[in-house]
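In this note's numbering, the protein residues as written are 1 to 108.
Ideal Cβ placement from N, Cα and C applies to all residues, glycine included.
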């Protein structure tokens with residue numbers, strides 16, 4: 001296995017781990033909070049405390065979680081783009097090297 005393939009596989013593993021963390025934020029944090037908001041607005045809890053809770057969750061907490069997942073998704077997309085660029089560069093370099101090898105083999 002060449003070094004570029006190894007690096008690509010390592011980066012793929014890191015991307016999978018980041019995506020897993022994004023899913024954890026959504027599945028174990030954001031969705032349960034949304035469920036609590038639904039229950040509170042459905043009447044399970046009433047009063048100023050309930051209103052403040054819903055407002056805090058919808059205006060601060062959920063947007064912060066969305067920022068975290070958005071940043072993470074942007075990071076993953078940037079890494080994938082860099083990885084694609086690296087792959088193209090390796091392919092071009094390999095092609096050029098093969099062309100030079102063919103030229104030298106034709107001479108000697």
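Where residue 103 is concerned, the enclosing alpha helix (DSSP H) starts and stops at 62 to 107. Annotation for residue 37: 54, 57, 58 place their beta carbon closer than 7 Å to its own, counting only its chain and skipping 5 residues before and after.
Annotation: residue 47 to residue 17 spans about 41 Å, alpha carbon to alpha carbon. Judged by DSSP in its simplified three-state form, residue 2 adopts coil rather than helix or strand. Using a Cβ distance threshold of 8 Å, residue 11 and residue 92 do not count as a contacting pair.
Beta-carbon to beta-carbon, residue 65 and residue 41 are separated by about 19 Å, too far to satisfy the 8 Å threshold. 21 is the residue among 21, 106, 3 whose C-alpha sits nearest the C-alpha of residue 73.
Rounded to the nearest whole angstrom, the CA to CA distance from residue 52 to residue 35 is 16 Å. With a contact defined as Cβ atoms closer than 8 Å, residue 15 and residue 80 qualify at about 7 Å. In the structure shown, the three-state DSSP call for residue 46 is coil.
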